Every structure is written in C-alpha cells, then in structure tokens.
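The structure under discussion appears below in the form of structure tokens.
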Amino acid sequence: MKKLAMAVAMFLLTSGPSLAEDSPSSPLAEPPKRMPGDADSILREITCKALSLDKKLLAVYYREGWDEVIAIREAKSGKELHTLVGHGDNVTKLQFSPDGKTLAARVINKNRQGWAVWDVETGELQFRLLDDGRILED
C-alpha cells in the first residue's frame, strides 16, 4: 500500500494541469447546470470536475442540499457509475490517473488536508494521503 501511495503522491505532485482545468480550450470550461443523464434534471452546484485522459469518464463534485457528492459518470451518456463517499468536507480538485483507474480528490477540512484516492472501477476509497506524509488506509 505504501508503494502505491508514494506513486500516487509523485503523480499528484508532478502532474500538470488536468484536461478539466477551467480554461477557454477545456471541454468543461462551462460546467453544465444540470448533470447529464439526470432524469429529474435537478439543478446542482458543480464546484469541481475532471475528465479522464481518454475522455470516457467524467468526475464531478457538487452540492445537493446538505450533501456533498463526488460522482463518476460516463462522459458521453452521463450514466452514473459510482457515487463516492468518505471524501471529507471540501473537495477543491479532482484528478484522474493517466490510465483512468484511479481518482484522487484534494480534500481540505478544519482537521486535515490531503488527498483521498479511489479505485474508479469499484468506487472504493483506497487510502488518504495527508499533506504531512501520513497514509491513512480505509
């Protein structure tokens, strides 16, 4: 687990802007007010998003009432694949690994700061990598 955490840490520290950074050329520069694929078309405040390098997966962080949600969806259809839990309070960045198998979320709350790392295929939280270097396994 420690080797994986260190590999993820190196990727996060050395990666440049993701494809989902808000820039005029980004396909997500203007996030939709409605989540693609929602039958009920509930308006949601999308505060953070990422697109996998192969452009097949979209991860979004949004608030819906009191709930804070990270959802992984098929980018083309909008079909929700996973709703991720256990991220903590405020997610400020989402980043897919180059192979699209891992999603990292930058999490900041009053007690700690770091990254929460998920397996994209299963939707399970793998571990947390705190800014002080500690690894918390879940």
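Residue numbers (this note's numbering): 6 to 143. Positions of the beta carbon are idealized from the N, C-alpha and C atoms, including for glycine. Every value quoted in this text rests on a predicted model; they were computed, and no experiment measured them.
- Can you round the beta-carbon distance between TYR67 and GLU85 to whole angstroms, since I take them to be within the 8 Å contact cut? The pair is not a contact, with the Cβ atoms about 12 Å apart (cut-off 8 Å).
- Hey, out of LYS54, ARG133, ASN116 and LEU135, whose CA is closest to VAL74's CA? Each of LYS54, ARG133, ASN116 and LEU135 was checked against the Cα of VAL74, and the nearest Cα belongs to LYS54.
- Task: For ALA64, I'd like the list of residues in its chain whose CB is within less than 6 Å of its CB, leaving aside the five on either flank, ordered along the chain.
- Result: ALA55, ILE77, LEU99 and LEU108
- Query: Shortest alpha-carbon distance to LYS81 belongs to which of ASP72, LEU62 and PRO103?
  - Reply: LEU62
- Message: So for GLU126, helix, strand or coil by DSSP?
- Response: coil
- Task: Pull up the CB-CB distance for VAL112 and TRP120, whole angstroms please, since I reckon it's below 8 Å.
- Result: 7 Å
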